[in-house]
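Only one structure is covered here, and it is reproduced in the block below.
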Amino acid sequence: MTSKPADDTQPSTAERILFLLKTRGPLKTTELASLLELTFEAARQQIQKLQASDLILGVSAPTSGAGRPSLRWALTDTAHNKFPDSHSVLTLHLIESIEGVFGSDGIEKIITSMEATNRQEYVQACSQASSLEEKVAILVRIRELAGYMAHMEPAGKGWLLIENHCPICAAARKCQGFCRSELQIFRAAMGEDALVERCEHLISGDRRCVYNIQPRA
Numbered sequence: 001m002t003s004k005p006a007d008d009t010q011p012s013t014a015e016r017i018l019f020l021l022k023t024r025g026p027l028k029t030t031e032l033a034s035l036l037e038l039t040f041e042a043a044r045q046q047i048q049k050l051q052a053s054d055l056i057l058g059v060s061a062p063t064s065g066a067g068r069p070s071l072r073w074a075l076t077d078t079a080h081n082k083f084p085d086s087h088s089v090l091t092l093h094l095i096e097s098i099e100g101v102f103g104s105d106g107i108e109k110i111i112t113s114m115e116a117t118n119r120q121e122y123v124q125a126c127s128q129a130s131s132l133e134e135k136v137a138i139l140v141r142i143r144e145l146a147g148y149m150a151h152m153e154p155a156g157k158g159w160l161l162i163e164n165h166c167p168i169c170a171a172a173r174k175c176q177g178f179c180r181s182e183l184q185i186f187r188a189a190m191g192e193d194a195l196v197e198r199c200e201h202l203i204s205g206d207r208r209c210v211y212n213i214q215p216r217a
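Given below as structure tokens:
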């Protein structure tokens with residue numbers, strides 16, 4: 001009897017742990033074991049390997065009652081760098097070159113041109129929706145395909161668009177006009193009947209970017 005070949009396309013347990021910490025933030029060993037359907041000991045062994053590889057670190061989280069703070073696991077900068085950043089070095093060099101030749105006005109013209117193109121694409125895609133929920137779902141699909149690890153969650157009468165990763169983070173840190181442009185594109189895509197506000201911002205030190213999308217009263 002021949003054994004069934006391993007499926008190399010399936011993510012390893014270590015990769016799944018990194019993904020969970022990226023999308024959900026710091027988690028306890030027991031939480032990771034439950035989400036991955038592992039025993040506590042199996043989860044602990046994987047965590048030890050990731051910690052030894054400088055991919056995760058322990059952070060203390062205060063408890064709701066008396067007692068010692070609980071230990072949760074979070075990604076290190078090394079682990080964050082394992083997620084795609086859309087050719088960050090090349091992008092930074094291009095931004096610096098354009099700024100050196102054409103000044104800050106040249107950068108703004110490029111961002112404005114990109115915004116106009118993306119606005120047309122987003123507005124056209126969302127125009128097919130019959131409700132705000134459908135518009136947000138379409139926006140999530142666009143952002144997911146672009147590498148933002150996006151999803152939506154209900155919030156009051158509206159929705160949160162949550163982006164757990166920014167594939168243009170290096171460029172956005174260099175020039176925050178990219179972030180301003182994205183917010184304007186989202187507002188255009190949702191239309192005049194919706195309010196769109198950014199309530200968490202990766203560049204400002206938050207773990208992710210979150211947009212609160214609510215129907216206008």
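In our numbering, the protein residues as written are 1 to 217. Cβ coordinates follow ideal geometry from the N, Cα and C atoms, glycine included.
Inclusion of residue 139 and residue 178 in the CB contact set at 8 Å is not warranted, their separation being larger than that value.
Each of 44, 78, 45 was checked against the Cα of residue 55, and the nearest Cα belongs to 78. In the three-state reduction of the DSSP assignment, residue 164 falls in the coil class, being assigned neither a helical nor a strand state. Assigned with DSSP and collapsed to three states, residue 208 falls in coil, not helix or strand. Between residue 165 and residue 22, the C-beta spacing is below 8 Å. Under the three-state reduction of DSSP, residue 183 is assigned to helix.
Secondary structure at residue 37: coil, using DSSP grouped into helix, strand and coil.
Closest by C-alpha distance to residue 109, out of 42, 205, 136, 175, is 175.
Its chain contains 139, 142, 185, 186, 188, 189 as the residues whose beta carbon lies nearer than 8 Å to that of residue 122, once the 5 sequence neighbours on both sides are disregarded; these appear in chain order. For residue 170, the secondary structure class from DSSP, reduced to helix, strand or coil, is helix.
When secondary structure is reduced to three states using DSSP, residue 130 falls in the coil class, being assigned neither helix nor strand.
In this structure, residue 132 sits away from residue 217, with a CB-CB distance that is not shorter than 8 Å. Residue 94 counts as exposed, since fewer than 16 other beta carbons sit within 10 angstroms of its beta carbon. Closest in C-alpha terms to residue 99, from the list 209, 171, 18, comes 171. Contact between residue 20 and residue 32 holds, with the beta-carbon distance rounding to 6 Å and staying under 8 Å. Between the alpha carbons of residue 16 and residue 135 lies a distance of about 30 Å. By the Cβ neighbour-count rule, residue 196 is buried, with 16 or more other Cβ atoms within 10 Å of its own.
Residues 13, 14, 17 of the same chain have their beta carbon placed closer than 7 Å to that of residue 46, with the five preceding and five following residues left out of the count. Contact between residue 71 and residue 60 is confirmed by a C-beta separation of about 6 Å, below the 8 Å threshold. Shown here, residue 152 sits in a strand according to DSSP, grouped into three states. In this structure residue 75 is buried. Its beta-carbon is surrounded by 16 or more other beta-carbon atoms within 10 angstroms. With at least 16 other beta carbons inside 10 angstroms of its own, residue 210 counts as buried.
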